[in-house]
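Undergrad: Next up is a structure, given as structure tokens.
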Amino acid sequence: MRVFVTGAAGFIGTATTKELIANGHTVLGLARSDANAKALEKLGAEVHRGSLQDLDSLRKGARQTDGTIHLAFIHDFTKFAENGQIDKHAIDAMGDALAGSDKPFIVTSGTLLVAPGRLATEEDAATPGMPRMSETAGLAFAARGVRAMAIRLPQVHGGDGKCGLLNLFLDIAREKRVAAYIGDGSNRWSGAHRLDVARLYRLALEKGLPGKSYHAVADEGVTARDMTEIVARHLNVPVKSIAPEEAAAYFGPMAMFAGLDGAASSALTQQWLGWKPKELGMIADISRPGYFAA
192 MRVFVTGAAG
202 FIGTATTKEL
212 IANGHTVLGL
222 ARSDANAKAL
232 EKLGAEVHRG
242 SLQDLDSLRK
252 GARQTDGTIH
262 LAFIHDFTKF
272 AENGQIDKHA
282 IDAMGDALAG
292 SDKPFIVTSG
302 TLLVAPGRLA
312 TEEDAATPGM
322 PRMSETAGLA
332 FAARGVRAMA
342 IRLPQVHGGD
352 GKCGLLNLFL
362 DIAREKRVAA
372 YIGDGSNRWS
382 GAHRLDVARL
392 YRLALEKGLP
402 GKSYHAVADE
412 GVTARDMTEI
422 VARHLNVPVK
432 SIAPEEAAAY
442 FGPMAMFAGL
452 DGAASSALTQ
462 QWLGWKPKEL
472 GMIADISRPG
482 YFAA
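Heads up: the sequence shown begins at 192 in my numbering, then just goes up one per residue.
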């Protein structure tokens, strides 16, 4: 297929672009800057200039390809609601362009807020009322003749010094000179290596079913305490437990995520698509010396 990919030059997008090209597909990557364009050319992808707020560019990219993978999102959590609306408008524009085509359309969501307090599965509905409405917006197009799917991401790691929201917590710990978790730190987040995640995007593109949500989860649940201790070792700062009422002062806008228990399973995804995570686990990967300095 010729695949339109938003966020194609990003952390997960780069791995996904490489995975698609290595398996015989061609990629038309959205580029909002010269740097993005050069990165995509280096990967062997075609360049499509535009942005998430240039809806005409999104419609054109979706219309002229055989499938669309939407990875881009503006990760500024001080403007989470605003960026959620930008994302929804982008999804609506691409979905409208694909209506009646039966082409694959994969949007990106997350596992953390699906079923807080228990192990989330693919059969759990998307969380209603959240600022990021990508899953609800995208899957709605399954009723309009689009092979619309969602991939729910955990904390994605794998080189380049990144690990989802943990990077923002690392920045906070660097500024505060202490790494904190809430209570006993037993709340959990799931994780996956970006190479495993990229393979899942390809498999969903090739054989995923409309209306399905897939979980890109390798590690079902890593505790906040374990993650915080790793951050502390990297920064050489102390670890501290804080009370829930102290979370807003320490974490700022990230307090809404810090205490969430968001473990998730990918058992159904593995069964449905034959996807098997095989890369290094989250704790082993981010524990490597110099990981966050990459």
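For every residue, glycine included, the Cβ atom is placed at its ideal position computed from N, Cα and C. Keep in mind the model is a prediction, meaning the values are calculated, not measured.
How many Å lie between Gly241 and Leu221 at the Cα?
TA: 6 Å
Undergrad: Under DSSP, the alpha helix (DSSP H) around Glu314 begins and ends at which residues?
TA: Note, Glu314: premise wrong, no alpha helix (DSSP H); not H, not E.
Undergrad: Answer with buried or exposed for Gly215, where buried requires no fewer than 16 other C-beta atoms within 10 angstroms of its C-beta.
TA: exposed
Undergrad: Rounded to a whole number of angstroms, what is the C-alpha to C-alpha distance between Gly480 and Ala272?
TA: Checking the displayed sequence, the identity of residue 480 turns out to be Pro instead of Gly. Taking the straight line from one Cα to the other gives about 36 Å.
Undergrad: Quick check on Trp380: does DSSP put it in helix, strand or coil?
TA: strand
Undergrad: Which term fits Gly376, buried or exposed, when burial requires 16 or more other beta carbons within 10 angstroms of its beta carbon?
TA: buried
Undergrad: From this set, Leu459, Leu426, Val422 and His348, which residue's C-alpha is nearest Lys403's C-alpha?
TA: Leu459
Undergrad: Which residues in the same chain as Leu471 place their Cβ atom closer than 7 Å to its Cβ, once the five residues preceding and following it in sequence are excluded?
TA: By the criterion of a C-beta distance shorter than 7 Å, Leu471 is surrounded in its chain by His384, once the five residues flanking it on both sides are discounted.
Undergrad: Is DSSP giving Ile342 helix, strand or coil here?
TA: strand
Undergrad: Report yes if the C-beta distance between Val298 and Ala236 is below 9 Å; otherwise report no.
TA: no
Undergrad: Val182 and Gly453: beta carbons closer than 9 Å?
TA: Absent from the model: residue 182. The displayed extent of the chain is 192 to 485, so no value can be given.
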